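Okay, structure first, notes after.
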RNA sequence: GCAAAAGUAGCUCAGCUGGUAGAGCGCGACCUUGCCAAGGUCGAGGUCGCGGGUUCGAACCCCGUCUUUUGCUCCA
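In the working numbering, the protein residues as written are 114 to 612.
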């Protein structure tokens, strides 16, 4: 067997759609850009991944608990986090140079020119007018002002401007049925804030002692300017985040520890070391004092899959300020002088992985095309291509397929007995139509690790064959051994033990 | 957002200088079939992305529009 040439993203997208993993959203209406739906097999794989992550966080760590916060949050949350002000700029494009500018910066630049020419009053008037227009959200007015002030693009030196557009990261909607009484709320752009605002609730109700973590899986929404690369960047996506609260000064140790633990997780679910790497952030966000990405080698290159950030006490401090509620923790542990560490706002180490990106990584890695027959020098007609998903058995949508070799002589009845035996423990697939080879192939394409064939010998001695997906090899086992054998192969335990 | 290319059956595609649509695979039924996409018979499935225009007549020519892909830009 020889490995096929590098698979393209196109192959992945096609396979995902053809075999019920990922569909474009609203496809019958021509689709909705950057939104995708998970199909019948995709949802199983994604659920399995989320479940593995959840267990790796909460079950393996007695000081990590989970929550499920609402998507809607009080609007002040996003003031405190910086998402409202920091991520809300009026942008304008010059049609000739194709350059994009911040409209407010263009006007401020002009005002500065006036000031430098000794026309301070004119400068102030311009800034006031800009402030008024932006405050009233009058974007057309801002554009008119730019043209009236004869502000040209420094590259093309023309006034050929597009309209001013507000590039807001967040989606907004209204709470309250009557328009006048309604309040603008946002669909959360990250799940982390739901954890921060519940920090004290969890700490107190769970009697949690620092260090401890809060984990959450949930949808988040971002109004991305362009969306590309399939489910890698979507407007609606799912995050798996854990915020770990630590004593100030210890954050770097925890940061390093979680960074290594998270890498082990990705390896444990089957992603090869060679396709994973750390990418350390040189330029840090305003809230972080250390940050590293775990990148996976997608068909379009190494890209961020998970971020591990040391977020300092930025978020809790912000929430304390905006909510006027103390976010302190009293640390009873004793320092080197024998005194309690006392009150402080904890530091936070965040691990944040995109469920959809993890799905894509696992799917890309599992997607395997092999050709056989070439190496043994036979004529090219004997060349066979085989495509299968080399998913970790614990992640596969179906754990086993039950296939009577023919659909007569009582074999289907016998096979149904085997199905009944297994279906309460594993998700199994029963099929009796078509040739056995075709049925094997169908299971390969969706990543089912085991095919159990029922033949005439089964009727005599209660043995079946198990055919392994990756090797296509078969072994004969007694029906009574089936459950234990499959249970071992598909067990989550074998993954968790590696982390 | 800009530029280029492409949209025909579930998938991959063919369809000549304009004359009202085809193949392979897949799908469904039946027959045959003892292990890696098996053979046979029958069958379902397309207002050719959408909207206009030219023409006696448009999948094909023209205009617009939507979607996708690739490259640039953006990713605050």
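Ideal Cβ positions, reconstructed from N, Cα and C, are used throughout, including at glycine. Every value quoted in this text rests on a predicted model; they were computed, and no experiment measured them.
Query                                                                                                                                     : Result
Residue 254: first and last residue of the uninterrupted alpha helix (DSSP H) it sits in                                                  : 252-261
Residue 603 to residue 536 span [Cα, whole Å]                                                                                             : 14 angstroms
Pick from 128, 286, 550 and 444 that is closest to residue 460, judged by C-alpha positions                                               : 444
Closest Cα partner of residue 286 within the set 529, 297 and 121                                                                         : 297
Close beta carbons around residue 428, own chain, < 6 angstroms, minus the five adjacent residues each side                               : 309
Burial state of residue 593, where buried means 16 or more other Cβ atoms lie within 10 Å                                                 : exposed
Start-to-end residues for the beta strand (DSSP E) that takes in residue 285                                                              : 284-288
Contact between the stretch 150-170 and the stretch 130-142 (3+ Cβ pairs under 8 angstroms)                                               : yes
Identity of the residue in 394, 386 and 393 nearest residue 409 by Cα                                                                     : 386
Of the listed residues 417, 373, 416 and 423, nearest to residue 397 (C-alpha basis)                                                      : 423
Beta-carbon contacts of residue 372 that lie in its chain and below 6 angstroms, excluding the five residues immediately before and after : 405 and 421
Top-ranked residue by Cα proximity to residue 521, from 166, 559, 551 and 568                                                             : 568
Inter-residue Cα distance where the pair is residue 577 and residue 528                                                                   : 10 angstroms
Helix, strand or coil at residue 585 [DSSP, three-state]                                                                                  : coil
Outcome for residue 591 when other beta-carbon atoms lying within 10 angstroms are tallied against a minimum of 16                        : exposed
CB contact flag (residue 162, residue 502, <8 angstroms)                                                                                  : no
Proximal residues to residue 335 (C-beta, below 6 angstroms), its chain only, five neighbours per side dropped                            : 282 and 302
Presumed contact (8 angstroms Cβ cut-off) between residue 389 and residue 399, rounded CB distance                                        : Contact doesn't hold; Cβ gap of about 28 angstroms is too wide.
Span separating the alpha-carbon of residue 583 from that of residue 346                                                                  : 31 angstroms
Bridge partner(s) assigned by DSSP for residue 147                                                                                        : Its beta-bridge partners do not exist; DSSP assigns none.
Cβ pair count under 8 angstroms reaching 3, the stretch 211-231 against the stretch 253-272                                               : yes
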